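Reading through the C-alpha cells given below for one structure.
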Amino acid sequence: MGRTILVTGFQPFGGERMNPAWEAVKRLPDAIADATVVKAEIPVVFGKAPEAVEAAIKEAQPDIVLCIGQAGGRAKITPEFVAINYADARIPDNDGNQPIAERIEPEGPAAYFATLPVKAMVQAMNEAGIPAEVSYTAGTYVCNDVMYELLHMLACRYPGVRGDFLHVPYATEQAAHLPSGTPSMEIETMVKGITVALEAALAHDEDLAIATGSTH
Ligand code: PCA
Numbered sequence: 030m031g032r033t034i035l036v037t038g039f040q041p042f043g044g045e046r047m048n049p050a051w052e053a054v055k056r057l058p059d060a061i062a063d064a065t066v067v068k069a070e071i072p073v074v075f076g077k078a079p080e081a082v083e084a085a086i087k088e089a090q091p092d093i094v095l096c097i098g099q100a101g102g103r104a105k106i107t108p109e110f111v112a113i114n115y116a117d118a119r120i121p122d123n124d125g126n127q128p129i130a131e132r133i134e135p136e137g138p139a140a141y142f143a144t145l146p147v148k149a150m151v152q153a154m155n156e157a158g159i160p161a162e163v164s165y166t167a168g169t170y171v172c173n174d175v176m177y178e179l180l181h182m183l184a185c186r187y188p189g190v191r192g193d194f195l196h197v198p199y200a201t202e203q204a205a206h207l208p209s210g211t212p213s214m215e216i217e218t219m220v221k222g223i224t225v226a227l228e229a230a231l232a233h234d235e236d237l238a239i240a241t242g243s244t245h
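Each residue of the sequence shown is one higher than the one before, starting from 30 at the first, in the working numbering.
Structure representation (C-alpha cells):
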C-alpha cells in the first residue's frame with residue numbers, strides 16, 4: 030500500500046489578504062512519488078491550530094506530516110530544525126489570543142527536533158534550483174506552537190509518524206505592497222520546492238550528514 034503525506038497551510042493573518050503557505054499547499058499535486066497527498070487549511074490560532082492538525086492526522090492516517098506557514102522577511106524556503114516549548118506573541122492571533130512568555134506544554138520537554146530529514150530536503154531543493162536553507166528557529170508565534178505540538182503528539186500518540194514544519198517567504202503579490210527590498214517568491218516556485226522536499230523526505234529515513242549549519 031502506498032504512503033500518505035498530510036500537508037497543512039495556514040489561513041491569512043496579520044492584516045494580509047492571503048497566506049502563501051496555503052496558496053502553495055492547495056496547488057500541490059495529489060500524489061508525490063508513491064504517496065497520496067492530503068491537504069488541510071488550518072487557523073492562525075494558538076491551541077486550535079494543533080487541534081486541527083490532530084483531527085487531520087486522525088482522518089488521513091499519514092506516514093509524514095508537513096505543516097507550512099509564512100515567514101515574512103525570509104528570502105528562502107526554510108525547513109525548521111527545532112520547536113521550543115515557549116509562546117511569545119508580538120501580535121494577537123486570529124482569535125485575539127496573545128500569550129506572552131508562556132510554556133506550551135507545562136510538563137513537556139524544552140524542545141523537539143524535526144523528525145523529517147531537513148538537510149536532505151534543503152539539498153534537494155537547492156539542487157532543483159530553489160533557494161532553501163535549514164532554519165534553527167521557528168519563532169515563538171503560532172507556527173512554533175503547531176510544530177511543537179505536532180512533534181509532541183507524534184512522540185506521545187503516533188509512533189512511527191514523522192513530521193516537520195516549513196516556512197515560506199512572502200508571495201510576490203504580497204511584496205508588491207511591502208517596502209522596497211522585501212524578499213518574496215513566486216507561489217509556483219514554492220510548490221516546486223515543497224514537492225521536491227517531500228520527495229526527499231520520502232526517500233530518506235535518516236538525514237544526510239552534510240554541512241548546512243551556520244557560523245554563528
Ligand atoms: N506564519 C506565522 C503563523 C501563521 C503563519 O503562516 C508564524 O510563523 O508563526
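The beta-carbon is built from N, C-alpha and C at its ideal position, and this holds for glycine as well. Predicted model only: the values in this text are computed from it and were never measured.
When Ala139, Val54, Gly38, Pro49 are compared, the shortest CA-CA separation from threonine 224 is found for Val54. In the displayed model, glutamate 131 falls within a strand according to three-state DSSP. Taking the CA atoms as reference points, threonine 201 sits about 12 Å from glycine 102. Collapsing the DSSP output to three states places aspartate 174 in a helix.
By the beta-carbon neighbour count (other beta carbons within 10 angstroms, threshold 16), arginine 191 is buried. Here leucine 180 carries a helix assignment [DSSP, helix/strand/coil].
Scanning Tyr170, Ala226, Thr37 for the CA closest to the CA of glycine 158 turns up Ala226. Proline 108 carries a strand assignment under DSSP once its states are collapsed to helix, strand and coil. For threonine 37, the secondary structure class from DSSP, reduced to helix, strand or coil, is strand. For the pair isoleucine 93 and threonine 144, the Cα-to-Cα distance works out to about 9 Å. Going by DSSP, glutamine 99 is part of the beta strand (DSSP E) stretching over 93–99. For leucine 195, the enclosing beta strand (DSSP E) stretches over residues 191–197. In the structure shown, methionine 47 adopts coil according to DSSP, grouped into three states. The Cβ atoms of asparagine 173 and alanine 112 lie closer than 9 Å to each other. Counted as a single uninterrupted DSSP element, the beta strand (DSSP E) harbouring alanine 64 occupies residues 64–71. In the DSSP secondary-structure assignment, methionine 214 is bridged to Ala200. For glycine 222, the distance from the CB to the nearest heavy atom of the ligand PCA is not below 8 Å. Within the same chain, Arg32, Ile34, Ile61, Ala62, Asp63, Ala64, Ile93 come within 8 Å of leucine 231 by CB-CB distance, once the 5 residues on both sides are set aside.
The nearest non-hydrogen atom of the ligand PCA is less than 8 Å from the C-beta of alanine 100.
For alanine 116, the three-state secondary structure derived from DSSP is strand.
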